[in-house]
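Everything below concerns the one structure shown next.
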Amino acid sequence: MNDRQKEIRRAFAALFLDEHGEPTETAKIVLQDLALAAFANRTTAHAEAFATATSEGRRQLLLHILARLRLEFAPAARRRAESDQPVVAITDEKDLSS
565 MNDRQKEIRR AFAALFLDEH GEPTETAKIV LQDLALAAFA NRTTAHAEAF ATATSEGRRQ
625 LLLHILARLR LEFAPAARRR AESDQPVVAI TDEKDLSS
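The opening residue of the sequence shown carries number 565 in the numbering used here; numbering runs sequentially from there.
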C-alpha cells in the first residue's frame with residue numbers, strides 16, 4: 565500500500581470509525597442509508613439495461629466505501645432476525661495505520 569492509499573484509508577477511518585476501529589453511531593446511520601440507496605440487499609436487475617447499470621454503479625460505490633473501512637454488511641439471516649435495517653460488521657482487524 566503506497567502513502568496515498570494509506571492517507572485515504574486514514575481519512576475514511578477518521579470520518580466513520582471510533583478510536584477502537586468500530587463504526588460510530590452516526591456512521592451506522594449514514595452507511596445504512598447508503599445501503600438502502602445502493603441496493604445492498606436487493607437485486608439491481610431491471611428491465612432496462614441503463615437502470616441496471618445505474619443501480620450496479622451505486623452498489624459498487626458502497627462496496628468501495630465499505631472496503632476502505634474494512635467493513636461488510638452482516639449476513640442477511642442475522643440482519644433479518646435483529647432488524648429490518650442493514651447493519652455493518654467488521655471483516656478483519658482494524659489497524660488502519662498500515
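Ideal Cβ placement from N, Cα and C applies to all residues, glycine included.
Residue 633, buried or exposed, once every other Cβ within 10 Å from all chains shown has been counted against 16: Under the 10 Å beta carbon count, residue 633 is surrounded by 16 or more other beta carbons and is classified as buried.
query: Taking the beta strand (DSSP E) that residue 603 falls in, what are its first and last residues?
result: Segment: none, residue 603 is in no beta strand (DSSP E) and carries neither H nor E.
Start-to-end residues for the beta strand (DSSP E) that takes in residue 581: Neither: residue 581 is in no beta strand (DSSP E) and is coded neither H nor E.
query: Between which two residues does the alpha helix (DSSP H) carrying residue 620 extend?
result: Annotation for residue 620: the continuous alpha helix (DSSP H) segment containing it runs 613 to 633.
task: Take the Cβ of residue 617 as the centre, count every other Cβ of all protein chains shown within 10 Å, and call the residue buried at 16 or more, exposed below.
output: Result: exposed.
task: Since I believe residue 588 is in contact with residue 582 (beta carbons under 8 Å), could you give me their beta-carbon distance rounded to a whole number of angstroms?
output: A Cβ-Cβ separation of about 5 Å places residue 582 in contact with residue 588 under the 8 Å criterion.
message: Checking 7 Å against the spacing of the C-beta atoms, do residue 609 and residue 626 come in under that value?
response: Contact flag unset, no.
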